[in-house]
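Scroll down for the structure; my scribbles are underneath it.
Number of protein chains: 2
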Amino acid sequence: MERLLAAMGDPALRVRLPGGDEVGAAPERALGTVWLRDRGAVLRALLDPELQFGELYTAGRLVVEGDLVSLLASALRSDADQGWLRRILPKRLLEGVSRHDRRAATQNARHHYDVSNEFYRLWLDERMLYTCAYFPRPDASLEEAQLAKMDHVCRKLALRPGERVVEAGSGWGSLAVHMARYYGVRVRAYNVSAEQVAWSREQAEKQGLADRIEFVLDDYRAARSPCDAFVSVGMLEHVGPQCYGELGRVIDRCLTSEGRGLVHTIGRARPQALNRWMVKRIFPSARPPSISEMMALFEPNGFAVLDLENLRLHYEQTALHWLRRFEGAWREIEALVGAERARAWHLYLAGTAASFRASTVQLYQVVFARTASAALPWTRAHLYTGEADGFVARRETGGAD
Amino acid sequence: MERLLAAMGDPALRVRLPGGDEVGAAPERALGTVWLRDRGAVLRALLDPELQFGELYTAGRLVVEGDLVSLLASALRSDADQGWLRRILPKRLLEGVSRHDRRAATQNARHHYDVSNEFYRLWLDERMLYTCAYFPRPDASLEEAQLAKMDHVCRKLALRPGERVVEAGSGWGSLAVHMARYYGVRVRAYNVSAEQVAWSREQAEKQGLADRIEFVLDDYRAARSPCDAFVSVGMLEHVGPQCYGELGRVIDRCLTSEGRGLVHTIGRARPQALNRWMVKRIFPSARPPSISEMMALFEPNGFAVLDLENLRLHYEQTALHWLRRFEGAWREIEALVGAERARAWHLYLAGTAASFRASTVQLYQVVFARTASAALPWTRAHLYTGEADGFVARRETGGAD
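Each protein sequence line maps, in turn, to chains A and B. Per my numbering: the first sequence = residues 170 to 570. Per my numbering: the second sequence = residues 170 to 570.
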């Protein structure tokens with residue numbers, strides 16, 4: 170166990186073994202203790218920590234005492250290569266083959282998003298936004314920050330009333346509703362999760378926007394209609410890099426000559442696979458791209474990148490909000506999905522906050538247009554006009570932009 | 170000739186042959202006329218238009234009637250592949266081998282920048298900035314826009330008084346002087362052009378900043394001292410992609426753990442070589458990178474990209490300012506460098522404006538930091554505070570930031 174910790178770069182944690190012995194960092198340096206409760210758990214953790222940490226945590230055979238986010242961030246910072254197995258085993262053997270054809274993509278998404286709407290309502294914001302928020306100030310509330318994120322996206326796209334928007338991967342529909350309501354556009358939104366589409370349609374009905382938003386229960390590859398703006402928030406992580414060229418061609422076939430596009434995705438500072446436990450239990454076949462990988466979407470398809478913003482700190486903050494709400498609703502969540510699933514999701518949310526804090530993942534927002542397009546904003550100053558002084562709140566009280 | 174024009178995608182121009190016959194676009198659609206004055210010129214233009222257009226223009230054997238920038242932009246838009254030769258000949262044969270070792274890099278830079286300081290003074294702004302300016306408003310003067318560019322760069326780097334800056338490729342030294350004067354930093358600036366370094370040292374002396382700026386007559390690969398910020402404006406175009414990894418390691422060796430970096434470069438929307446005439450006559454071995462190519466600088470060296478801005482329209486505007494000043498100083502320029510060189514540079518400046526207008530080239534400003542750095546600005550709003558209302562002018566009258 171001591172060798173494993175040394176190989177991991179001596180993270181600031183202690184490990185308690187089943188007999189009660191403790192190894193690892195000196196108590197005054199340790200951020201917490203990882204308690205391995207049985208001998209089998211010790212063996213598994215030694216053999217494949219990257220996968221087994223999550224498996225054992227979920228089963229309750231590994232318990233963490235101390236602040237889970239800080240402890241995970243420390244471990245991630247020390248062991249950026251995610252365990253010694255990665256250094257000795259062939260990549261293929263460890264990661265298997267990701268599948269992203271239409272059927273697999275649908276199954277992958279449903280695995281995650283069809284848990285149940287009730288489950289997500291217990292810890293997301295009131296609009297059910299399940300992607301990185303944008304905090305104009307670090308102390309903004311999650312509700313404010315999710316509103317600000319939608320406005321940040323709409324401003325980057327410079328949406329004008331009457332324009333047509335295609336959205337790929339529309340979650341519970343809040344961005345589509347926001348765009349239609351406050352920016353006066355018509356939206357066609359694609360999503361393979363039946364639960365989310367049903368919810369989205371209901372939201373659009375309630376707000377009297379059903380005639381301006383069409384939620385299509387289908388893969389992004391079904392998009393064919395012309396649009397003035399293409400937007401995808403939090404989908405590219407699930408599209409395998411081998412499909413980026415195809416996604417680029419879908420955008421190419423839809424976007425008008427002066428159209429704008431925005432892709433918002435979890436990414437990497439360098440090409441690197443996602444933690445194997447996350448891929449196995451939380452996001453099947455997910456792969457956050459590095460910028461060079463992401464360019465396969467734009468460079469071969471005649472698009473020029475106009476703006477790229479890394480919002481990593483905003484995702485740490487977002488995940489911390491989710492985590493606090495999740496912990497606050499623990500009893501209801503446990504009753505709804507069972508103790509094992511609750512623990513798995515708790516670890517996943519804490520791990521997300523820790524990964525963004527440790528910077529093993531990034532959040533990229535990329536604005537692009539056809540290379541030959543002349544419809545570019547002169548500077549980015551318009552993104553920030555009025556942002557600090559309650560711009561979002563004014564919208565909510567019916568003020569015009 | 171008609172076949173050549175068809176192969177070029179029928180640009181909006183007419184061609185007048187030595188006998189007086191004209192072919193090409195209908196007069197009402199044509200933006201101008203390209204007059205080939207002798208039979209040899211016709212043959213050369215047919216065989217290798219990409220290279221020979223510039224050669225013949227320089228020699229006065231090809232004359233353009235009409236607006237040169239519009240005409241070139243139209244030709245570039247029609248013929249994004251830069252001539253049929255590229256489609257039939259191996260790349261190596263056409264482009265030769267670029268050399269970027271220290272000696273070649275020095276020769277390449279001196280070819281361009283050591284023409285003479287007097288020459289550049291006739292058409293650059295008063296501070297001799299020879300890179301893309303930043304126009305807070307499209308009608309800003311070139312002087313204002315170059316000041317605004319320097320401030321935009323300094324704000325992106327979040328420079329603080331007393332910090333140490335390494336600059337790679339420092340031109341006539343104005344950015345180094347600006348950083349030391351208005352942001353209170355110490356600068357070590359590398360440049361291989363002796364003429365520019367002599368000029369730069371004189372500027373620093375005149376402004377009483379010689380103790381805070383060291384201009385080093387050497388290649389960027391000589392940089393070793395620790396710095397809080399690394400900046401390079403308009404050098405990466407001259408660094409071959411095969412040397413990006415090395416440049417990244419130089420930055421890695423210099424930058425402190427919480428340091429910030431900025432690279433400003435002409436680039437491409439997709440990997441593509443520069444026009445062969447430009448490489449032969451104007452910028453030996455230059456290669457503007459696509460974003461995926463540029464990532465070789467950051468991804469393998471532990472840097473995360475925080476912000477990328479495409480300022481293509483600003484470079485079109487900058488080059489138009491240079492072109493107008495160049496044309497206004499034509500007699501002096503001709504007397505100084507001769508008619509052939511004056512024509513070559515005139516074509517190069519018009520071609521630069523046309524290339525940015527036609528979007529065959531882009532301008533990327535990339536901010537980065539070590540992946541593990543926590544010294545990130547929360548949002549980009551601080552870049553735009555006060556920008557519109559005379560921020561630059563206030564500095565010049567001694568106002569504090």
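Note that beta-carbon positions come from the ideal geometry of N, C-alpha and C, so glycine has one too. These figures come from a predicted structure and were not determined experimentally.
Whole-number beta carbon distance between residue j and residue i, since they are thought to touch under 8 Å
i	j	result
E374 (chain B)	V356 (chain B)	Wrong, their Cβ atoms sit about 14 Å apart, outside the cutoff.
K318 (chain B)	C301 (chain B)	7 Å
G340 (chain B)	G403 (chain B)	7 Å
G201 (chain A)	L240 (chain A)	4 Å
E287 (chain B)	D476 (chain A)	The Cβ separation is near 39 Å, so there is no contact.
Y359 (chain B)	V385 (chain B)	5 Å
Q372 (chain A)	V346 (chain A)	6 Å
CA nearest to the CA of residue i, picked from the options
i	options	result
R571 (chain B)	B:P218, B:D207, B:L241 and B:W368	The requested residue 571 (chain B) is not part of the displayed model; chain B covers only 170 to 570.
N470 (chain B)	B:A274, B:P180 and B:E415	B:E415
L205 (chain B)	B:E496, B:P218 and B:S426	B:P218
S461 (chain B)	A:V474, A:R450 and A:K449	A:V474
R290 (chain A)	A:T529, A:L505, A:H483 and A:Y517	A:L505
L518 (chain A)	A:E468, A:R450 and A:A550	A:R450
P457 (chain A)	A:R429, A:V334, A:A195 and A:L405	A:L405
D320 (chain B)	B:R333, B:Y303 and B:P330	B:Y303
T529 (chain A)	A:A273, A:Q441 and A:E171	A:Q441
L127 (chain A)	A:A392, A:A273 and A:L545	Since the first residue shown for chain A is 170 and the last is 570, residue 127 (chain A) is missing from the structure and cannot be characterised.
Length of the line joining the Cα atoms of residue i and residue j
i	j	result
E485 (chain B)	A523 (chain B)	7 Å
M464 (chain B)	M464 (chain A)	10 Å
V238 (chain B)	I502 (chain B)	20 Å
R271 (chain A)	T434 (chain A)	20 Å
K180 (chain B)	L174 (chain B)	According to the sequence provided, residue 180 (chain B) is Pro. The question's Lys does not apply to it. If I take the Cα positions, the gap works out to 7 Å.
L182 (chain B)	N277 (chain A)	54 Å
L298 (chain B)	R350 (chain B)	16 Å
G497 (chain B)	H515 (chain B)	11 Å
T554 (chain A)	L489 (chain A)	28 Å
L215 (chain B)	A176 (chain B)	11 Å
R185 (chain B)	G520 (chain B)	21 Å
F495 (chain A)	R268 (chain A)	31 Å
G567 (chain A)	P453 (chain B)	Low per-residue confidence applies at G567 (chain A): pLDDT is 42, beneath 50, and the placement is therefore not dependable enough to give any value.
F222 (chain A)	V211 (chain A)	10 Å
R563 (chain B)	E312 (chain A)	Summary for R563 (chain B): the model assigns pLDDT 44, below 50, so the residue's position carries little reliability; its value from the coordinates is reported in the next sentence. Near 38 Å, if we compare the C-alpha coordinates of E312 (chain A) and R563 (chain B).
D236 (chain A)	W446 (chain A)	20 Å
P410 (chain B)	R493 (chain B)	33 Å
A244 (chain B)	A194 (chain B)	12 Å
S247 (chain B)	L552 (chain A)	34 Å
Where residue i meets chain A, residues with beta-carbon distance less than 8 Å
i	result
P469 (chain B)	R439
P307 (chain B)	W547
Within chain B, partners of residue i - CB distance below 8 Å
i	result
R418 (chain A)	Under the 8 Å cutoff, chain B gives no residues; its nearest Cβ is about 15 Å from R418 (chain A).
Beta-carbon proximity of residue i to residue j, cut-off 8 Å
i	j	result
R437 (chain A)	A242 (chain A)	no
L466 (chain A)	A455 (chain A)	no
Q531 (chain B)	R481 (chain B)	yes
W368 (chain A)	W491 (chain A)	no
E509 (chain B)	A228 (chain B)	yes
S343 (chain B)	R296 (chain B)	yes
G338 (chain A)	S394 (chain A)	no
L316 (chain B)	A398 (chain B)	no
D388 (chain A)	T275 (chain A)	yes
C396 (chain A)	R333 (chain A)	yes
R429 (chain A)	A538 (chain A)	yes
G377 (chain B)	G353 (chain B)	no
E427 (chain A)	S542 (chain A)	yes
L220 (chain A)	V322 (chain A)	no
V233 (chain B)	V192 (chain B)	no
W499 (chain A)	A511 (chain A)	yes
Amino acids of chain B, ordered along the chain, whose beta-carbon sits closer than 9 Å to that of residue i
i	result
R246 (chain A)	A541
D179 (chain A)	Within 9 Å Cβ-Cβ: nothing; D179 (chain A) doesn't reach chain B, min ~16 Å.
S528 (chain A)	A473, R539, T540, A541, S542 and A543
Cβ-heavy atom distance, residue i to the ligand SAM, below 7 Å
i	result
R272 (chain A)	Among the components of this structure there are no ligands whatsoever, and the ligand SAM is therefore not found.
Partners in chain A for residue i, counting only beta-carbon separations shorter than 9 Å
i	result
S339 (chain B)	Within chain A, no residue comes near S339 (chain B); the closest Cβ sits about 25 Å away, beyond 9 Å.
Residues that residue i contacts on chain A, provided the C-beta gap is smaller than 7 Å
i	result
I460 (chain B)	I460, M464 and V474
Q531 (chain B)	A473
N277 (chain B)	Here the premise fails: no neighbours, minimum Cβ distance about 26 Å.
Chain C within 8 Å of residue i, Cβ atoms only
i	result
N444 (chain B)	Looking for chain C here will not work: the only protein chains present are A and B.
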